[in-house]
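*Asks:* Residue numbers (the working numbering), protein chains in the order written: chain A, 26 to 341; chain B, 26 to 341.
A virtual CB, placed ideally from N, CA and C, is assigned to each residue, including glycine.
These figures come from a predicted structure and were not determined experimentally.
There are 2 protein chains.
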Amino acid sequence: MRIVALAGGIGGARFLRGLRAAAPEAEITVIGNTGDDISLFGLRVCPDLDTVMYTLGGGINEEQGWGRADESFTVKEELLAYGVGPSWFGLGDRDFATHIVRTQMLAAGYPLSAVTEALCDRWKPGVRLIPMTDDQVETHVVIDDPERGRRAVHFQEWWVRMRASVPAESIAAVGAEDAKPAPGVLDAVREADAVLFPPSNPVVSIGTILSVPGIREAVAAKTVVGVSPIIGGAPVRGMADACLTAIGVETSARAVAEHYGPDLLDGWLVDEADAATAEEGIEGMAVRSRPLLMSDPESTAAIARAALDLALELKR
Amino acid sequence: MRIVALAGGIGGARFLRGLRAAAPEAEITVIGNTGDDISLFGLRVCPDLDTVMYTLGGGINEEQGWGRADESFTVKEELLAYGVGPSWFGLGDRDFATHIVRTQMLAAGYPLSAVTEALCDRWKPGVRLIPMTDDQVETHVVIDDPERGRRAVHFQEWWVRMRASVPAESIAAVGAEDAKPAPGVLDAVREADAVLFPPSNPVVSIGTILSVPGIREAVAAKTVVGVSPIIGGAPVRGMADACLTAIGVETSARAVAEHYGPDLLDGWLVDEADAATAEEGIEGMAVRSRPLLMSDPESTAAIARAALDLALELKR
Numbered sequence: 026m027r028i029v030a031l032a033g034g035i036g037g038a039r040f041l042r043g044l045r046a047a048a049p050e051a052e053i054t055v056i057g058n059t060g061d062d063i064s065l066f067g068l069r070v071c072p073d074l075d076t077v078m079y080t081l082g083g084g085i086n087e088e089q090g091w092g093r094a095d096e097s098f099t100v101k102e103e104l105l106a107y108g109v110g111p112s113w114f115g116l117g118d119r120d121f122a123t124h125i126v127r128t129q130m131l132a133a134g135y136p137l138s139a140v141t142e143a144l145c146d147r148w149k150p151g152v153r154l155i156p157m158t159d160d161q162v163e164t165h166v167v168i169d170d171p172e173r174g175r176r177a178v179h180f181q182e183w184w185v186r187m188r189a190s191v192p193a194e195s196i197a198a199v200g201a202e203d204a205k206p207a208p209g210v211l212d213a214v215r216e217a218d219a220v221l222f223p224p225s226n227p228v229v230s231i232g233t234i235l236s237v238p239g240i241r242e243a244v245a246a247k248t249v250v251g252v253s254p255i256i257g258g259a260p261v262r263g264m265a266d267a268c269l270t271a272i273g274v275e276t277s278a279r280a281v282a283e284h285y286g287p288d289l290l291d292g293w294l295v296d297e298a299d300a301a302t303a304e305e306g307i308e309g310m311a312v313r314s315r316p317l318l319m320s321d322p323e324s325t326a327a328i329a330r331a332a333l334d335l336a337l338e339l340k341r
Numbered sequence: 026m027r028i029v030a031l032a033g034g035i036g037g038a039r040f041l042r043g044l045r046a047a048a049p050e051a052e053i054t055v056i057g058n059t060g061d062d063i064s065l066f067g068l069r070v071c072p073d074l075d076t077v078m079y080t081l082g083g084g085i086n087e088e089q090g091w092g093r094a095d096e097s098f099t100v101k102e103e104l105l106a107y108g109v110g111p112s113w114f115g116l117g118d119r120d121f122a123t124h125i126v127r128t129q130m131l132a133a134g135y136p137l138s139a140v141t142e143a144l145c146d147r148w149k150p151g152v153r154l155i156p157m158t159d160d161q162v163e164t165h166v167v168i169d170d171p172e173r174g175r176r177a178v179h180f181q182e183w184w185v186r187m188r189a190s191v192p193a194e195s196i197a198a199v200g201a202e203d204a205k206p207a208p209g210v211l212d213a214v215r216e217a218d219a220v221l222f223p224p225s226n227p228v229v230s231i232g233t234i235l236s237v238p239g240i241r242e243a244v245a246a247k248t249v250v251g252v253s254p255i256i257g258g259a260p261v262r263g264m265a266d267a268c269l270t271a272i273g274v275e276t277s278a279r280a281v282a283e284h285y286g287p288d289l290l291d292g293w294l295v296d297e298a299d300a301a302t303a304e305e306g307i308e309g310m311a312v313r314s315r316p317l318l319m320s321d322p323e324s325t326a327a328i329a330r331a332a333l334d335l336a337l338e339l340k341r
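Written out as structure tokens, the structure reads:
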């Protein structure tokens, strides 16, 4: 069986770990979001790809969900001693090595997809991890900065430095319209028995992946099941509500599914807290309710299994 | 009083610390060797400049003489876990930050001299540290590699990886003939009351600095006093003998002075072990003997004071 999953960072990575446990024989291809990528200190940082790689490879800091376990911050402290920031982005010493290797390979001319494959040679995540594109796409957020007026900032500045405390007026994946899917992305989707949307951010993770020309169309042609990142009107984790508000979508399991739309989604898993949505149904898709809190590996695997089962059921 | 010193790494840096203590009111300009510079992991590493900066700035690992005190090696270990080397060059986490800042500034278009000044803003070495050139000069060593035949290797590969165990057939400062002295170098020499040669390597440190067109002529026009890096037929530290042999110069205090020549050197300090050289004299220069072991800060300052005093005496 071949499964494709579109994934952002922490939530996506945890879901994927559950999926790998739930379907150990499946060939899983993960299409990772690169819109959050940022160049810091001259190094190329791919937070979502790395979170997936570290989580599935056993190197993640389990408590915070991103970055390396057993991490130290000597390089960052020394950079700050030189007056070189930003201070708000947490790059640890172990993590730095990943970015140094990536940057060196990119400078040597390798595309990001080849670099990601080389990094995964070490981590052996048990899935094939492909960035959505080898082209540069950067998610920018337009805010009305209390200090500096209306301006566009890199997603990470809004998300990490400001903790999304300033409302986003709009969110754009800059460069997406000219980007091409990375090699292997469209083939993996075409050959998939099912495409899953983990409970990743529908706007800046899955939405960004789908904004790369060709990916949405390829995905829409398959049986697609998504897991709601919204439980009872609030994001399971992160600040997805701030992103949804920016694009005029209500923070509810129903609104997110309707935003994806029945042309894209065939099935939608909502939490028991949103059982009413499942009962009322959504035109053009199969909606099921079940517990969706990924509180431990077993419950996460059960959620992934339920998403996969629904996809296989709908495919028949 | 204005003093210019040409300096390599460990020996030069320690001498300079003594000089700063011996002449606290003097304006000291240090012209640093950059022929040992190397790009590792996509980062620009300037071992001699950094050794001077760390030593005079209080950040050096006193025991080994290079690298940072209280250092850790997490980044390097992680790079090796990715299969990315070399393993033989000791870059610590604190040190990495220096190279990251430098590389980022160079990539932004700043010349190495401006980068060095910016790094020294943090370290406040108490001297003005200028690289010999902003152009790329790399010392290459031709060896008859037992495994791979005759080939040219980067100085660091011969010096650090092979520990100079394979004889050097020749040593060349590649790029030197087209290099220009960095801004400030020639002015500092012209305005100097004395030019000092610390007990740095006469071939790959001071020799390389002098190989940048214009520097030798400017230095030769001044009162120049050198401190012998050879005591009783052996280098005080390091493997200067291997470099001297490669250029056909005997490893002795006399031979090194004669290699520099009386056109360049006005005075030469040798150790008491080489008192005979002082008694016999060298045509065209004043030779004095005194203890030259830089065993502690006080004795080092006394050596520097003796060199300076001899220069001031010869200038009259």
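1. Going by C-alpha to C-alpha distance, which of L318(A), N86(A) and S64(A) sits closest to V261(A)?
2. Among residues of its own chain, excluding the 5 on either side of F222(A), which ones have a beta-carbon nearer than 8 Å to its beta-carbon?
3. How about T123(A) and D75(A): do their beta carbons lie closer than 8 Å?
4. Would you tell me roughly how many angstroms separate the C-alpha atoms of A94(B) and R188(A), rounded to the nearest one?
5. Mind checking if E103(B) is an interface residue toward chain A, Cβ cutoff 8 Å exclusive?
6. In angstroms, rounded to a whole number, what distance separates the CA positions of I307(A) and D288(A)?
7. Is V252(B) close to chain A? Criterion is C-beta to C-beta, closer than 8 Å.
8. Just to check my reading of the structure: T233(A) and V162(A) have Cβ atoms closer than 8 Å, yes? What is that Cβ distance to the nearest angstrom?
9. Would you kindly work out how many angstroms separate the C-alpha atoms of G34(B) and G57(B), rounded to a whole number?
10. Unbroken beta strand (DSSP E) runs of length 3 or more, entirely within the region 144 to 210 of chain A: which are they?
11. Would DSSP call P260(A) helix, strand or coil?
12. Quick one: which residues of the region 132 to 159 of chain B get their C-beta closer than 9 Å to a C-beta of chain A? List them in chain order.
13. Residues in the same chain with beta-carbon distance under 8 Å from A139(B), minus the five sequence neighbours each way, listed in chain order, please.
14. Look up S97(B) in the DSSP assignment and say whether it is helix, strand or coil.
15. Pull up the DSSP beta-bridge partners for M310(B), would you.
16. Could you tell me whether any Cβ in chain A is nearer than 8 Å to the Cβ of Q129(B)?
17. I need the boundaries of the beta strand (DSSP E) containing G57(B), first residue and last residue.
18. By DSSP's criteria, V249(A) is part of a beta bridge. Which residues make up the other side?
19. My understanding is that A51(A) touches R27(A), with C-beta atoms under 8 Å, so please give their C-beta distance in whole angstroms.
20. Ends of the beta strand (DSSP E) at L342(A)?
21. Which word fits W183(B), buried or exposed, when buried means at least 16 other C-beta atoms lie within 10 angstroms of its C-beta?
22. Please report the straight-line C-alpha distance between G209(A) and L294(A), rounded to a whole angstrom.
23. Does the pairing of the region 164 to 174 of chain B with the region 109 to 123 of chain B give three or more beta-carbon distances under 8 Å?
24. Which residues mark the beginning and the end of the beta strand (DSSP E) in which P64(B) is found?
25. When the Cα atoms are used, what is the spatial distance from A38(A) to P224(A)?
26. Taking C-alpha atoms, which residue in G292(A), P254(A) and I256(A) lies nearest to K247(A)?
27. Between V237(A), P111(A), A143(A) and V228(A), which lies nearest to G263(A) when the distance is taken from Cα to Cα?
28. Is it buried or exposed, G60(B), if we count other Cβ atoms within 10 angstroms and call 16 or more buried?
29. Please name the residue, chosen from R147(B), T158(B), C71(B) and R153(B), that lies closest to S236(B) on a Cα-to-Cα basis.
30. Considering only the alpha carbon of each residue, which of G151(A), G36(A) and E216(A) lies closest to A46(A)?
31. Compare the Cα-Cα distances from P192(A) to each of V167(A), I155(A), T80(A) and G84(A) and report the closest residue.
32. Excluding sequence positions up to five away, which residues of its chain have a Cβ less than 7 Å from the Cβ of A329(A)?
33. Candidates N86(A), D160(A) and R119(A): which alpha carbon is nearest Y135(A)'s?
34. Should R69(A) be flagged as near chain B, meaning a C-beta pair shorter than 8 Å?
35. Between the alpha carbons of A245(A) and R147(B), how many angstroms are there, rounded?
*Replies:* With the structure as the only source:
1. Closest by alpha carbon: L318(A).
2. So the qualifying residues of the chain are A30, L31, I231, V249, V250, G251, V252, Y285 and L290.
3. Using a Cβ distance threshold of 8 Å, T123(A) and D75(A) count as a contacting pair.
4. For A94(B) and R188(A), the distance between alpha carbons rounds to 36 Å.
5. At a cut-off of 8 Å between beta-carbon atoms, E103(B) makes contact with chain A.
6. Our two residues, I307(A) and D288(A), have alpha carbons roughly 12 Å apart in a direct line.
7. It does not: the Cβ of V252(B) has no partner Cβ on chain A nearer than 8 Å.
8. Between T233(A) and V162(A), the beta carbon gap of about 7 Å places them in contact (Cβ cut-off 8 Å).
9. In this structure, the alpha-carbon of G34(B) lies about 8 Å from that of G57(B).
10. Fully enclosed beta strand (DSSP E) runs of no fewer than 3 residues occupy 153 to 156, 163 to 170, 174 to 179 and 193 to 199 of the region 144 to 210 of chain A, in order along the chain.
11. DSSP places P260(A) within a strand segment (E or B) once states are collapsed to three.
12. Of all residues in the region 132 to 159 of chain B, only A132, A133, A143, L144, D146 and R147 place a beta-carbon less than 9 Å from a beta-carbon of chain A.
13. Within the same chain, Cβ atoms closer than 8 Å to the Cβ of A139(B) are found at M130, the five residues on either side in sequence being excluded.
14. Assigned with DSSP and collapsed to three states, S97(B) falls in coil, not helix or strand.
15. M310(B) pairs with I307(B).
16. Yes, because at least one Cβ of chain A sits closer than 8 Å to the Cβ of Q129(B).
17. From DSSP, the beta strand (DSSP E) with G57(B) extends over E52 to G57.
18. Paired residue(s): V220(A).
19. Indeed, because the Cβ distance is near 7 Å, the residues count as touching under 8 Å.
20. Since the first residue of chain A shown is 26 and the last is 341, residue 342(A) is not available in this structure.
21. In summary, W183(B) is buried, with 16 or more beta-carbon neighbours lying within 10 Å of its beta-carbon over all protein chains present.
22. Each residue's Cα considered, the two are about 28 Å apart.
23. Taking 8 Å as the limit for Cβ pairs, the verdict is that the region 109 to 123 of chain B does not touch the region 164 to 174 of chain B.
24. Sequence inspection shows Ser at residue 64(B); the Pro mentioned does not correspond to that position. Element bounds for S64(B): I63 to L65.
25. Across the structure, A38(A) and P224(A) are spaced so that their CA atoms are roughly 10 Å apart.
26. Residue G292(A) is the option with its Cα nearest to K247(A).
27. The shortest C-alpha to C-alpha distance from G263(A) to any of V237(A), P111(A), A143(A) and V228(A) is the one to V228(A).
28. With 16 or more neighbouring CB atoms inside 10 Å of its own CB, G60(B) falls in the buried class.
29. The shortest C-alpha separation from S236(B) is found at T158(B).
30. It is G151(A) whose Cα lies nearest to the Cα of A46(A).
31. Each of V167(A), I155(A), T80(A) and G84(A) was checked against the Cα of P192(A), and the nearest Cα belongs to V167(A).
32. Once the five neighbours on either side are set aside, the close Cβ partners of A329(A) are F40, G43, L44 and A47.
33. It is D160(A).
34. R69(A) does not count as touching chain B.
35. Roughly 56 Å separates the two Cα atoms.
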